[in-house]
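Following: one structure in structure tokens, then a few remarks.
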Amino acid sequence: MNQNAPASFVYDPPREPFLAVLHLDADLLVVDKPSGLLSVPGKAQEHSDCIEARAQQTYPEARIVHRLDMDTSGVMVLAMNAQAHRHLGLQFERRKTEKTYVAEVWGQIEKDAGEIDLPLICDWPNRPKQMVSFEHGKPALTRWQVIARNERTTRVRLFPFTGRSHQLRVHMLSLGHPIVGDRFYATGDALSTSPRLLLHAESLTLHHPTGGGRVTFDAFCEF
Numbered sequence: 000m001n002q003n004a005p006a007s008f009v010y011d012p013p014r015e016p017f018l019a020v021l022h023l024d025a026d027l028l029v030v031d032k033p034s035g036l037l038s039v040p041g042k043a044q045e046h047s048d049c050i051e052a053r054a055q056q057t058y059p060e061a062r063i064v065h066r067l068d069m070d071t072s073g074v075m076v077l078a079m080n081a082q083a084h085r086h087l088g089l090q091f092e093r094r095k096t097e098k099t100y101v102a103e104v105w106g107q108i109e110k111d112a113g114e115i116d117l118p119l120i121c122d123w124p125n126r127p128k129q130m131v132s133f134e135h136g137k138p139a140l141t142r143w144q145v146i147a148r149n150e151r152t153t154r155v156r157l158f159p160f161t162g163r164s165h166q167l168r169v170h171m172l173s174l175g176h177p178i179v180g181d182r183f184y185a186t187g188d189a190l191s192t193s194p195r196l197l198l199h200a201e202s203l204t205l206h207h208p209t210g211g212g213r214v215t216f217d218a219f220c221e222f
């Protein structure tokens with residue numbers, strides 16, 4: 000996922016907790032990434048602080064397997080050895096993992112559940128923004144269900160089948176309900192109501208590299 004930010008953006012990631020470890024074993028390091036922290040280093044020196052760098056300070060062998068957008072919080076898994084890295088990488092590539100997200104979106108969604116099947120491509124002049132393109136986009140599928148309806152927002156649980164950059168942001172925008180606090184796609188009150196993007200990776204299910212059993216890791220949603 001593209002980790003770049005608008006030119007006006009000042010990178011100031013949260014310092015505490017330095018690294019919130021949810022699980023650790025010989026193969027896996029599972030962490031709860033805070034909103035505002037990059038998954039991997041950016042190109043500029045001032046963008047070097049990230050989940051990967053923080054993990055490697057304590058666990059030098061830890062290696063990134065997948066990424067979350069800087070503005071998204073929640074469950075991330077890192078591999079603790081080369082074999083686990085290959086095993087996990089193939090699972091993500093072949094869509095053998097299951098991910099659930101919680102989001103607060105602007106406005107009232109009328110239906111209780113649905114799915115969004117819209118192909119996505121980078122909006123190159125406005126990168127890292129993405130856009131729907133039936134001609135050139137890559138397939139992207141998101142299932143969603145309403146958790147709660149509030150006065151001005153709707154809380155939803157999101158189930159991405161694919162893992163395209165900004166997929167959940169653009170798909171919810173396509174319904175007319177941008178994610179609250181989304182500095183790329185929200186405007187007006189939908190943007191200003193929250194200082195952070197209200198999108199959280201709630202759970203991640205995968206096959207453990209040793210033995211292959213299915214395991215699920217959860218991170219509490221703070222918003």
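Counting in numbering that gives the first Met the number 0, the sequence shown runs from 0 upward without gaps. Heads up, the beta-carbon is just placed ideally off N, CA and C, and yes, glycines get one too. Because the structure is a prediction, the values reported are computed rather than measured.
Helix, strand or coil: which one does DSSP assign to E45? helix
Please report the Cβ distance between A19 and D31, rounded to the nearest whole angstrom; I am assuming they are in contact, meaning their Cβ atoms lie under 8 Å. 4 Å
Taking the C-alpha atoms as reference points, what is the distance between V76 and F219? 15 Å
Does the region 80-98 touch the region 184-195, meaning 3 or more C-beta pairs lie closer than 8 Å? no
Return the bridge partner residues of V101 from the DSSP annotation. R156, H199
Which same chain residues, not among the five before or five after D217, have their C-beta less than 6 Å away from its C-beta? S202
Rounded separation between V155 and H199 - CA only: 11 Å
Buried or exposed: R168, going by 16 or more other Cβ atoms within 10 Å of its Cβ? buried
CA nearest to the CA of A265, picked from H46, F158, K110, G35: Since the first residue of the chain shown is 0 and the last is 222, residue 265 is not available in this structure.
Tell me, please, whether the region 172-185 touches the region 46-55 by the rule of three or more beta-carbon pairs shorter than 8 Å. no
Hey, could you find the ends of the beta strand (DSSP E) G210 is sitting in? Counting along the chain, G210 falls outside any beta strand (DSSP E), and DSSP gives it neither H nor E.
For G210, tell me which candidate among P16, D26, W123 has the shortest Cα-Cα distance. D26
Mind checking who V148 pairs with in its DSSP beta bridge? It should be pointed out that residue 148 corresponds to Arg in this sequence rather than to Val. Its beta-bridge partners are T153.
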